[in-house]
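Student: I am attaching a structure below and will ask some questions about it afterwards.
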Amino acid sequence: MREMALGLAASFFFAVTFILNRSMELAGGSWTWSSSLRFFFMVPLLFVILLARRNLGPVWRDMKRHPWTWIVWGTVGFGLFYAPLTYAAAYGPGWLVAGTWQCTIVAGVLLSPLFTEQIETQNGTVSVRRPIEKQALFISFFILLGVVLVQFQQAGHLTWEEIALGIFPVLIAAFAYPLGNRKMIEHCAGRLDAFQRVFGMTIASLPFWFVVALIGWATAGVPSAGQTAQSLIVAISSGVIATTLFFIATDRAKGNERKLAAVEATQSGEVIFAVIGEVLLLSAPFPNGWAFVGLAVIVAGICWHSFESAKTVNRPAPPGFSSLAFLSRGGRAVRMILYALLACHAAVIYFWISDWDVLMTPVGLVVWVGGVAVSLAILHFRPNIHPKLRSMLTTMTAASVLAAVCSLIIEWAVRSMP
């Protein structure tokens, strides 16, 4: 759970990247400067941090011993990650870039076979490739469904050029970031902490960023003062704070593919934070019904990942966790039902508050009444479900009923007025 909390905190600071990159592009700034300035600013910031912590030496020594490892995977993990993101921001809105970026939660799981782990056998220690965690992959696709629903709101207003140039570069970044990060985790093998690893990868990727900056100087001239200031904010928020938090979380989860997938899935929180940020700062339209359902699916998926990753810890499971199912082997199916119910309640609450006419239809009433009835049945007949799930389901069911009652009272009061 601590790893996921760190991942969610990182996603909040990462969201600043998508909002400010879009802001800089709208102001006429070049993507080349938006990307390269971030890493130029990161170098002195991280240098001061490591100098204060007195652990700069181990990084230099390791980079001298393995220069090409650092250059290759630093460029992949930082260069091929951030340059495509800022390029895409020039052609698509922040919510599109942030949403497409969530493909990284699936990419991280699919990349697992590229890495090995040491296993003790009767014949000694052998290296085996890590398997793809099918359950983690399924949950990641579930979260990705929520991301698609969030983007469904404005997808119809995009041109094919915006879709192509706003999505395909981000897909490259979505695979490059977890690949570079995991390769450096494997290389460092616990010798270096997250701050040291971020600093080393930043230094190693500088040749790439110098080339990008030269392209920017030749095509767009020098950056404006506003773009420079916003790039500094991105460097501090996303480059130092978010990246370090995320690397700490992945360091803590290393060796456990399910927990590592759960940490990477927390990056879907960027979509939520990016949507909120663009609404508040860039006057973007507020999410409609489908987008709200998508946000609920994302939250439910992150909760699902957290519960599944908690089961991998070597300690007794909480009472009722293993006996969640209606049938002896139906635990996974029932958990899916519970998470779907939570998402359903969240969507219903939104419609009762914003557009209750949607629910005052036969289909809407069936969905609402059915969701409440199934929730009450589960709470009544399954008293031994996981305490956290029980609490969440109880709260959302009560909120759904309360929202309906309040909406009906308000509507009655409005119609009763002369």
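Start counting the sequence shown at 28; every next residue gets the next number (my numbering).
Backbone N, C-alpha and C fix where the C-beta goes; we use that ideal spot for every residue, glycine too.
What you are looking at is a predicted structure, and each value in this text was computed from that prediction instead of being measured.
Would residue 56 and residue 250 qualify as a contact pair, given that the criterion is a beta-carbon distance under 9 Å?
Tutor: On the sequence shown, residue 56 is found 29 positions in, with the first residue counted as 1. On the sequence shown, residue 250 is found 223 positions in, with the first residue counted as 1. Closer than 9 Å, so yes.
Student: Among 135, 262, 102, which residue has its Cα nearest to the Cα of residue 237?
Tutor: For the purposes of this step, residue 237 is taken as residue 210 along the sequence shown, with counting starting at 1. Closest option to residue 237, Cα to Cα, is 102.
Student: Between the Cα of residue 243 and those of 274, 77, 59, 328, spot the shortest distance and give me the residue it belongs to.
Tutor: The residue you call residue 243 lines up with position 216 of the sequence shown. Ranking the options by Cα distance to residue 243, first place goes to 59.
Student: Please classify residue 65: does DSSP put it in a helix, a strand, or coil?
Tutor: Working through the sequence shown from its first residue, we reach residue 65 at position 38. It is helical.
Student: Between residue 368 and the rest of its own chain, which residues show a CB-CB distance below 7 Å, the 5 nearest in sequence each way excluded?
Tutor: Mapped onto the sequence shown, residue 368 falls at position 341. Excluding positions up to five away in sequence, the list reads 398, 401, 402, 420.
Student: Between residue 34 and residue 293, which are expected to be in contact by the criterion C-beta below 8 Å, what is the C-beta distance as a whole number of angstroms?
Tutor: The sequence position of residue 34 within the sequence shown is 7, counting from 1. The sequence position of residue 293 within the sequence shown is 266, counting from 1. Residue 293 and residue 34 do touch by the CB rule: their CB atoms are close to 3 Å apart, below 8 Å.
Student: Residue 348 by DSSP, collapsed to three states: which one?
Tutor: Locating residue 348 in the sequence shown gives position 321, counting from the first residue. In this predicted model, residue 348 has a pLDDT of only 36, less than 50, meaning its place in the structure is not dependable enough to derive any value.
Student: From 135, 86, 139, pick the residue whose C-alpha is nearest to that of residue 202; which is it?
Tutor: In the sequence shown, counting from the first residue as 1, residue 202 sits at position 175. When the alpha-carbon of residue 202 is set against those of 135, 86, 139, the nearest one is in 135.
Student: Does the Cβ-Cβ distance between residue 254 and residue 64 come in under 9 Å?
Tutor: Sequence index remark: in the sequence shown, residue 254 carries index 227 (1-based). Sequence index remark: in the sequence shown, residue 64 carries index 37 (1-based). Contact flag set, yes.
Student: In or out: residue 148 buried (at least 16 other Cβ within 10 Å) or exposed?
Tutor: Against the sequence shown, residue 148 aligns to sequence position 121. Exposed, because fewer than 16 other Cβ atoms sit within 10 Å of the Cβ of residue 148.
Student: DSSP state of residue 277, grouped into three classes?
Tutor: On the sequence shown, position 250 is the one that residue 277 refers to. Residue state, collapsed to three classes: helix.
Student: Going by DSSP, what residues sit across from residue 271 in a beta bridge?
Tutor: The residue labelled residue 271 in the question sits at position 244 within the sequence shown. DSSP output for residue 271 lists no bridge partner at all.
Student: Using the beta-carbon count (16 or more within 10 Å), is residue 95 buried or exposed?
Tutor: On the sequence shown, residue 95 is found 68 positions in, with the first residue counted as 1. With fewer than 16 Cβ atoms within 10 Å of its Cβ, residue 95 is classed as exposed.
Student: Please report the straight-line C-alpha distance between residue 46 and residue 301, rounded to a whole angstrom.
Tutor: As a working mapping, residue 46 is identified with position 19 in the sequence shown. As a working mapping, residue 301 is identified with position 274 in the sequence shown. Taking the straight line from one Cα to the other gives about 6 Å.
Student: Where in the stretch 137–224 do unbroken runs of the beta strand (DSSP E), each at least 3 residues long, occur, reported from the N-terminal end onward?
Tutor: 143–148, 151–156
Student: On a CA-only basis, which of 146, 150, 133, 191 is nearest residue 24? Give me that one, please.
Tutor: Examination of residue 24 is not possible in this model, given that the chain is present from 28 through 445 alone.
Student: Starting from the C-beta of residue 344, find all residues in its chain whose C-beta is less than 6 Å away, skip the five residues before and the five after it, and write them out in chain order.
Tutor: By one-based count along the sequence shown, residue 344 stands at place 317. The predicted position of residue 344 is uncertain, since its pLDDT is 39 and thus under 50; no value can be drawn from it.
Student: Taking the alpha carbon of residue 126 as the reference point, which residue from 186, 200, 152 has its own alpha carbon closest?
Tutor: Counting from 1 along the sequence shown, the entry for residue 126 is found at position 99. The option with the nearest alpha carbon to residue 126 is 200.
Student: With a threshold of 16 other CB atoms inside 10 Å of the CB of residue 216, please say whether the residue is buried or exposed.
Tutor: Looking up residue 216 in the sequence shown gives position 189. Its Cβ having fewer than 16 others within 10 Å, residue 216 is exposed.
Student: Do residue 297 and residue 187 come within 9 Å of each other at the CB atom, strictly closer than that value?
Tutor: Locating residue 187 in the sequence shown gives position 160, counting from the first residue. Locating residue 297 in the sequence shown gives position 270, counting from the first residue. Not in contact: residue 187 and residue 297 (Cβ atoms no closer than 9 Å).
Student: I need the straight-line Cα distance from residue 100 to residue 164, nearest angstrom please.
Tutor: What you label residue 100 is simply residue 73 of the sequence shown in a count that begins at 1. What you label residue 164 is simply residue 137 of the sequence shown in a count that begins at 1. Cα-Cα distance, rounded: 24 Å.
Student: For residue 193 and residue 123, which I take to be in contact (beta-carbon distance under 8 Å), what is that distance rounded to the nearest angstrom?
Tutor: The residue given as residue 193 occupies position 166 in the sequence shown. The residue given as residue 123 occupies position 96 in the sequence shown. Between residue 123 and residue 193 the Cβ distance is about 5 Å, and since that is below 8 Å, they are a contact.
Student: My output table needs one value for residue 258: the three-state DSSP class, helix, strand or coil.
Tutor: To locate residue 258, count along the sequence shown from 1; it is residue 231. Helix.
Student: Give the range of the alpha helix (DSSP H) segment to which residue 246 is assigned.
Tutor: Along the sequence shown, read from residue 1 onward, the residue named residue 246 stands at position 219. Unbroken alpha helix (DSSP H) run through residue 246: 233–247.
Student: Taking just the CA atoms, how far does residue 222 sit from residue 271?
Tutor: Numbered from its first residue, the sequence shown carries residue 271 at position 244. Numbered from its first residue, the sequence shown carries residue 222 at position 195. Approximately 6 Å, taken between the alpha carbons.
Student: Given that a residue counts as buried once 16 or more other Cβ atoms are within 10 Å of its Cβ, and exposed if not, what is residue 264?
Tutor: Translated into positions along the sequence shown, residue 264 becomes position 237. Classification for residue 264: buried.
Student: Run through DSSP, which three-state label would residue 357 get?
Tutor: Position 330 of the sequence shown, counting from 1, holds the residue named residue 357. Note that residue 357 scores 40 on pLDDT, short of 50, meaning its location in the model is unreliable; the coordinates nonetheless yield the value given after this. Coil, per DSSP.
Student: Look at the Cβ atom of residue 375, then the Cβ atom of residue 418, and state whether they are nearer than 9 Å.
Tutor: On the sequence shown, residue 375 is found 348 positions in, with the first residue counted as 1. On the sequence shown, residue 418 is found 391 positions in, with the first residue counted as 1. No; because the gap between Cβ atoms is not below 9 Å, this pair is not in contact.
Student: Give the single residue among 261, 290, 41 whose Cα lies nearest to the Cα of residue 275.
Tutor: Position 248 of the sequence shown, counted from the first residue, corresponds to residue 275. Considering only alpha carbons, the answer is 290.
Student: Out of 227, 142, 166, 150, state which residue places its alpha-carbon closest to the alpha-carbon of residue 158.
Tutor: Mapped onto the sequence shown, residue 158 falls at position 131. Of 227, 142, 166, 150, the residue nearest in Cα terms is 142.
Student: On a Cα-Cα basis, can you pick out the residue from 88, 37, 365 that is closest to residue 414?
Tutor: The residue given as residue 414 occupies position 387 in the sequence shown. Answer by Cα proximity: 365.
Student: Taking Cβ positions, are residue 323 and residue 256 nearer each other than 9 Å?
Tutor: As a first step, residue 323 must be located in the sequence shown, where it is residue number 296. As a first step, residue 256 must be located in the sequence shown, where it is residue number 229. Contact flag unset, no.
Student: Assuming residue 304 and residue 36 are in contact, meaning their beta carbons sit under 8 Å apart, how far apart are those beta carbons, in whole angstroms?
Tutor: The residue given as residue 304 occupies position 277 in the sequence shown. The residue given as residue 36 occupies position 9 in the sequence shown. About 15 Å; that fails the 8 Å criterion.
Student: Report, in whole angstroms, the separation of the C-beta atoms of residue 104 and residue 204, which I expect to be a contact under 8 Å.
Tutor: Here residue 104 refers to the residue found at position 77 of the sequence shown. Here residue 204 refers to the residue found at position 177 of the sequence shown. With a Cβ gap of about 6 Å, residue 104 and residue 204 count as contacting.
Student: By how many angstroms is the C-alpha of residue 416 removed from the C-alpha of residue 195?
Tutor: Here residue 195 is taken as the residue at index 168 of the sequence shown, counted from 1. Here residue 416 is taken as the residue at index 389 of the sequence shown, counted from 1. So the alpha carbons of these two residues sit roughly 38 Å apart.
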